[in-house]
Amino acid sequence: MSDDLDPEAVAAALLASIGVLVRRVRQVPVEGGLTLPERGALAQLDRSGPTTSSALARDAQITAQSMGATLGALQARGLVERHRDPDDGRRVVLSVTDAGRQALRDKRNARAELIAGALTGGAFTPAELERLAATAPLLQRLAQNI
Numbered sequence: 007m008s009d010d011l012d013p014e015a016v017a018a019a020l021l022a023s024i025g026v027l028v029r030r031v032r033q034v035p036v037e038g039g040l041t042l043p044e045r046g047a048l049a050q051l052d053r054s055g056p057t058t059s060s061a062l063a064r065d066a067q068i069t070a071q072s073m074g075a076t077l078g079a080l081q082a083r084g085l086v087e088r089h090r091d092p093d094d095g096r097r098v099v100l101s102v103t104d105a106g107r108q109a110l111r112d113k114r115n116a117r118a119e120l121i122a123g124a125l126t127g128g129a130f131t132p133a134e135l136e137r138l139a140a141t142a143p144l145l146q147r148l149a150q151n152i
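Using the working numbering, you'd call the opening residue of the sequence shown number 7 and step up by one each time.
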């Protein structure tokens with residue numbers, strides 16, 4: 007690293023710029039899209055696999071009642087399903103349906119299309135696009151090292 011670069015300044019600049027990018031992309035509505043709490047619960051359930059509502063609430067650091075309302079809305083739309091726990095028939099576990107996985111893919115694709123549109127809108131030179139492309143794997147590695 008060059009002596010001119012201060013790692014703390016680089017970290018602050020990255021955090022600020024990535025934060026703005028993520029917030030802007032998350033604000034874009036998708037037709038038939040998910041609310042932020044719905045998307046969070048569905049994505050967590052997709053990552054973790056079948057689990058209980060209380061476990062999802064704990065992971066999201068929200069009340070069980072709030073998570074219950076969110077999951078109820080997702081279930082009503084056919085995006086999650088409830089099953090009795092095979093090990094404990096008193097418990098209910100939730101899982102993502104195929105429609106739920108498709109809703110997550112649609113949201114991700116809409117975000118990628120939004121960014122692609124911004125990149126092809128003439129605001130970036132071919133050299134800048136190359137620099138952005140080269141930066142993506144570095145950002146991934148940075149995330150893995152946190």
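The C-beta atom is built at its ideal place from N, Cα and C for all residues, glycine as well. Just so we're clear, the structure is a prediction, and the values are computed from it rather than from any experiment.
Chain-order list of residues whose beta-carbon lies under 8 Å from that of residue i (same chain, five-residue window excluded)
{"i": "V31", "result": "R117, L120, I121"}
{"i": "I24", "result": "L145"}
{"i": "L42", "result": "R32"}
{"i": "L135", "result": "L125"}
{"i": "A105", "result": "R83, G84, L85"}
For residue i, three-class secondary structure by DSSP
{"i": "V99", "result": "strand"}
{"i": "R88", "result": "strand"}
{"i": "T41", "result": "coil"}
{"i": "T69", "result": "coil"}
{"i": "L141", "result": "Note that residue 141 is Thr in the sequence shown here, rather than Leu. Reduced to three states, the DSSP call for T141 is helix."}
{"i": "T58", "result": "coil"}
{"i": "P132", "result": "helix"}
{"i": "D104", "result": "helix"}
{"i": "D52", "result": "helix"}
Whole-Å CB distance - residue i paired with residue j, under 8 Å assumed
{"i": "L144", "j": "L48", "result": "29 Å between Cβ atoms; not a contact."}
{"i": "R90", "j": "L100", "result": "Actually they do not touch by this definition, with Cβ atoms about 11 Å apart."}
{"i": "A79", "j": "E44", "result": "6 Å"}
{"i": "G55", "j": "K113", "result": "Incorrect: roughly 20 Å between the Cβ atoms, too far for contact."}
Own chain partners of residue i with C-beta closer than 6 Å, once the 5 adjacent residues on each side are dropped
{"i": "A63", "result": "A70, M73"}
Test item: CB-CB of residue i and residue j under 8 Å
{"i": "L85", "j": "T58", "result": "no"}
{"i": "A66", "j": "G46", "result": "yes"}
{"i": "D52", "j": "R107", "result": "yes"}
For residue i, the nearest candidate out of the options (CA to CA)
{"i": "P35", "options": "N115, R137, E134", "result": "N115"}
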